[in-house]
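*Asks:* My structure is below; once you've seen it, I'll send some questions.
Chains as they are written, first to last, in the UniProt record's numbering: chain A, 1 to 322; chain B, 1 to 506.
What follows is the structure, encoded as structure tokens:
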């Protein structure tokens, strides 16, 4: 009798816990969520995130507030997320470069293993571009030949990552380049359009010039050829074994419960099929929408970090340590 | 190039009732902000920018421009009625406005101020439309060499023109330069003066710096003054028959208004000088060229007209370098850049080509804003005057709240709040010891741009000075800068000699 009672108690307790656990999992989210953007208001990440938040709000049945935490190329937001303990209620929507190359090029308080990558939803379209009427035309091969004969050919860089890539290429091809720093597409565009600089890195600005042809693409930095410039080869096709593809991912702290991650992933997957999200991504910021589940995106990011490390070693340390 | 039809279409868009309502909202809000002592334009724009997230690009910019124009006109009201400029640039308006108002003619003073404001603003807007477009089409000729040379010139020019002690100007500018270099080195990625704060990697955030040094510090100064003088006298609008503006009197101020608009437009077109300098320069010019210079400071309508026309002309003129070159000519122009960015528009040389319709709709919106300003000011004189009788302790606490809320809204977090307070204290002492915060701010804003362009120039040219011979515009500005330095050096040397001479005689 006693045993039976105890047994019942244990059983019911177990059931209660089980039910409670299930309820918790099913109920996420039970309060408003915060989508953190690591860039200032008005950039392409911010614009996209605001639409994403609207779509997620409907999918999750809770308000999703967008908060900008600009600084350090998205790094400030990640540093704060790494310390977040609210189990997926706060998540960051950002670019992969912040988490892959960020910790390699600057001192950071976080690393790749501090987060879970819920999903990748957009593919970056970064590229190496040039202007109209250049002596080398608009093919990568001709540029390399031209630069080999003309020491002092100029390149405008924007990020630590593209600087490393171009230094690696310069080393391999024996180029003597003048690498000028510039900030963002707004700083790069006048240099390319006026002809002051021969070729440059572009995060996405060139997509806006696809129709006028004023900014031809020499090399795609994405995994595949660019949507708007199908004629330009990728890094791999040109013979450089580098995967620098930029992916826009949603990230949560590493100890976020599985159930929460799954629920977020479900909502994100629905967002990638939502017309509004597709419109803002493919028509306003001109990047293709994609769907990369947690496992796939995490593996890709891990491979990229390994690749960058190998590249840095080959270059003999960080570009700035020369 | 954009066709004439498109220009007409953009004007039609600005005359749509929805656009008019939005611009009116901006002008009204700006006017109120302008009237309230201590609340200024830059803060109003900074606080309003997040409000515009959910507006269309055109509505947002039109709203902000209406706001910006409204503040310039509104600030004259409190300058005239309370002797407290609603805007630092209206300090010159107090000089004649307050004496006229206290001699029983407040309505006349307000009307002179309003008409001068609107005319100055409208003429400078037309100038912007005429000048910014041809300017923008040659803007691609302004490469890193030219921009670096112009920025150096601007820095020297501002340091020389900002007034006050030469050494104090140099110190304030130096502080700005040092703070402007904080963050990652653009070329090597090395950390400079970040002291381990990831938040500083992209430089000292501009908004907390601006709100701290301009708004919060001003509140501290006001608080200080309020503590000493708790009852500022309020002038009631009288029923004096002499208290109205006759057509003859208005006509008499027109030459001053035109001249001062010219001064304001010139000052506005040069990056960084700002409306305060414009207003004081125009006031000085009007006084010097008047037949009766002694009547200035005692309620001369020309004094009010000069200060207000110039103050208001600076605002649209400061958009000439903004739209033509991407260089913000004033703090509020710099804040507008952010507002454009939110709506995906890169302000600068390429704007005319990439967003011509936006540019023309904007221009027409600016003209509409000028006219609405006249209507708002004319019918609202009495009502707006009452806003100034809100007790300062309420104004000050509300403003401090708004400043901090603005930082929080922008997502700067605790770090932003700390930054604001640090710069509030810093700004308080700048003001107290009469260091030019104009020079400080301009140096801070110009430094990162100057550094980037200078380094680009050095790398691209391979460090050869002879590149200047191929770039005549850059060469010209380098020569101007050298001449300016020589001139500044010579005048301060002469002043020093005179002072020494006098000291000997005593």
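Backbone N, C-alpha and C fix where the C-beta goes; we use that ideal spot for every residue, glycine too.
Note that this is a predicted model, so its numbers are computed, not measured.
Take the Cβ of residue 5 of chain B as the centre, count every other Cβ of all protein chains shown within 10 Å, and call the residue buried at 16 or more, exposed below.
*Replies:* By the neighbour-count rule (16 or more Cβ atoms within 10 Å), residue 5 of chain B is not buried but exposed.
*Asks:* Who are the neighbours of residue 76 of chain A on chain B, taking C-beta pairs under 7 Å?
*Replies:* Those within 7 Å of residue 76 of chain A in chain B are 198 and 199.
*Asks:* For residue 16 of chain B, does the count of other Cβ atoms within 10 angstroms reach 16, so buried, or fall short, so exposed?
*Replies:* Exposed, because fewer than 16 other Cβ atoms sit within 10 Å of the Cβ of residue 16 of chain B.
*Asks:* What residues in its chain sit with their C-beta under 6 Å from that of residue 305 of chain B, if we drop five residues either side in the sequence?
*Replies:* These residues qualify, in order along the chain: 112, 116, 253, 256 and 257.
*Asks:* Can you give the Cα-Cα distance for residue 22 of chain A and residue 117 of chain A, rounded to whole angstroms?
*Replies:* Residue confidence is low: residue 22 of chain A scores 45 on pLDDT, short of 50, so the model does not pin down where it sits. No coordinate-derived value is stated.
*Asks:* Can you list the residues of chain B that residue 106 of chain A reaches, using a CB-CB cut of under 8 Å?
*Replies:* The contacting residues are 184, 189, 191 and 201.
*Asks:* Consider the Cβ of residue 212 of chain B: report whether some Cβ of chain A lies at a distance smaller than 7 Å.
*Replies:* It does not; no Cβ of chain A falls within 7 Å.
*Asks:* Hey, quick one: how far does the alpha helix (DSSP H) through residue 305 of chain B stretch, first residue to last?
*Replies:* It spans 301 to 317 - the alpha helix (DSSP H) in which residue 305 of chain B sits, taken as one unbroken run.
*Asks:* Taking beta-carbon pairs under 7 Å, can you tell me which members of the stretch 453 to 468 of chain B lie near chain A?
*Replies:* If the cut-off is 7 Å between Cβ atoms, the stretch 453 to 468 of chain B has 455, 456, 459, 460 and 462 near chain A.
*Asks:* Counting along the chain, where does the beta strand (DSSP E) carrying residue 130 of chain A start and finish?
*Replies:* 127 to 130 is the span of the beta strand (DSSP E), which, as asked, contains residue 130 of chain A.
*Asks:* Under 7 Å, do residue 45 of chain B and residue 369 of chain B count as touching if we go by C-beta distance?
*Replies:* Against a cut-off of 7 Å, the Cβ pair of residue 369 of chain B and residue 45 of chain B comes out as no contact.
*Asks:* By the three-class DSSP mapping on this structure, what secondary structure does residue 100 of chain A have?
*Replies:* Three-state result, residue 100 of chain A: helix.
*Asks:* Have a look at B:293, B:73 and B:224 and flag the residue whose alpha-carbon is nearest the alpha-carbon of residue 314 of chain B.
*Replies:* If we check each option's Cα against that of residue 314 of chain B, B:73 comes out closest.
*Asks:* Please classify residue 478 of chain B: does DSSP put it in a helix, a strand, or coil?
*Replies:* Residue 478 of chain B: helix per DSSP, three-state reduction.
*Asks:* What residues from chain A crowd round residue 301 of chain B, counting only those whose CB sits closer than 7 Å?
*Replies:* Correct list: empty, because the minimum Cβ distance to chain A is about 44 Å.
*Asks:* Ignoring anything shorter than 3 residues, give me the beta strand (DSSP E) runs that lie fully in the stretch 215 to 288 of chain A, in order along the chain.
*Replies:* Within the stretch 215 to 288 of chain A, the complete beta strand (DSSP E) runs of at least 3 residues are 217 to 220 and 247 to 253.
*Asks:* Rounding to the nearest angstrom, what Cα-Cα distance links residue 279 of chain A and residue 45 of chain A in this structure?
*Replies:* If you take the alpha carbons of residue 279 of chain A and residue 45 of chain A, they lie about 14 Å apart.
*Asks:* How many Å lie between residue 194 of chain A and residue 143 of chain B at the Cα?
*Replies:* Using only the alpha carbons, I get a separation of about 8 Å.
*Asks:* Using the Cβ count rule (16 or more neighbours within 10 Å means buried), how would you classify residue 487 of chain B?
*Replies:* So residue 487 of chain B ends up on the exposed side.
*Asks:* Taking residue 286 of chain B and residue 303 of chain B to be in contact with their CB atoms under 8 Å, please state how far apart those CB atoms are, rounded to whole angstroms.
*Replies:* Right, the Cβ-Cβ distance comes to about 7 Å (below 8 Å), so this counts as a contact.
*Asks:* Does any C-beta atom of chain A lie closer than 7 Å to the C-beta of residue 143 of chain B?
*Replies:* At least one chain A Cβ lies under 7 Å of residue 143 of chain B.
*Asks:* In terms of alpha-carbon separation, which member of B:275, B:77 and B:430 lies closest to residue 89 of chain B?
*Replies:* Among B:275, B:77 and B:430, the Cα nearest to that of residue 89 of chain B belongs to B:275.
*Asks:* How should residue 61 of chain A be labelled, buried or exposed, when 16 other C-beta atoms within 10 angstroms of its C-beta is the threshold for buried?
*Replies:* Exposed, because fewer than 16 other Cβ atoms sit within 10 Å of the Cβ of residue 61 of chain A.
*Asks:* Run through DSSP, which three-state label would residue 291 of chain A get?
*Replies:* It is a strand residue.
*Asks:* Taking Cβ-Cβ distances below 8 Å as the criterion, which residues of the stretch 165 to 189 of chain A are in contact with chain B?
*Replies:* Against chain B - using a Cβ distance shorter than 8 Å - the residues of the stretch 165 to 189 of chain A are 178, 179, 180, 181, 182, 183, 185, 186, 187 and 189.
*Asks:* Run through DSSP, which three-state label would residue 414 of chain B get?
*Replies:* Helix.
*Asks:* Please list the partners that residue 71 of chain A has in chain B, where partner means a Cβ-to-Cβ separation under 7 Å.
*Replies:* Near residue 71 of chain A (Cβ distances below 7 Å), the residues of chain B are 198, 199, 201 and 202.
*Asks:* Let me see if you follow: with CB-CB separation under 7 Å, is residue 196 of chain A close to chain B or not?
*Replies:* Closer than 7 Å to some Cβ of chain B, the Cβ of residue 196 of chain A qualifies, so yes.
*Asks:* Residue 227 of chain A to residue 288 of chain A, Cα distance in whole Å?
*Replies:* Each residue's Cα considered, the two are about 8 Å apart.
*Asks:* From this set, B:381, B:436 and B:477, which residue's C-alpha is nearest residue 107 of chain B's C-alpha?
*Replies:* Comparing Cα positions, the closest option is B:381.
*Asks:* Under a Cβ-count criterion, where at least 16 other Cβ atoms within 10 Å of its own Cβ denotes burial, should residue 320 of chain B be classed as buried or exposed?
*Replies:* Buried: at least 16 other Cβ atoms inside 10 Å.
*Asks:* Within the stretch 130 to 166 of chain A, note down every full beta strand (DSSP E) run reaching 3 residues or more, in order along the chain.
*Replies:* Counting whole runs of 3 or more residues, the stretch 130 to 166 of chain A contains the beta strand (DSSP E) stretches 153 to 157.
*Asks:* Could you work out which residues of chain B lie near residue 152 of chain A, taking near to mean beta carbons separated by less than 8 Å?
*Replies:* Here the neighbours are 462.
*Asks:* Since residue 99 of chain B and residue 297 of chain B should fall inside the 8 Å C-beta cutoff, what is the C-beta to C-beta distance between them, to a whole number of angstroms?
*Replies:* Going by Cβ atoms, the distance from residue 99 of chain B to residue 297 of chain B rounds to 7 Å, so yes, they are a contact pair.
*Asks:* So, for residue 202 of chain B: in the same chain, excluding its five sequence neighbours on each side, which residues have a beta-carbon less than 8 Å away from its beta-carbon?
*Replies:* Correct list, in chain order: 183 and 184.
*Asks:* Give the straight-line distance between the Cα atoms of residue 290 of chain A and residue 296 of chain A, rounded to the nearest whole angstrom.
*Replies:* Looking at the two C-alpha atoms, the distance is approximately 12 Å.
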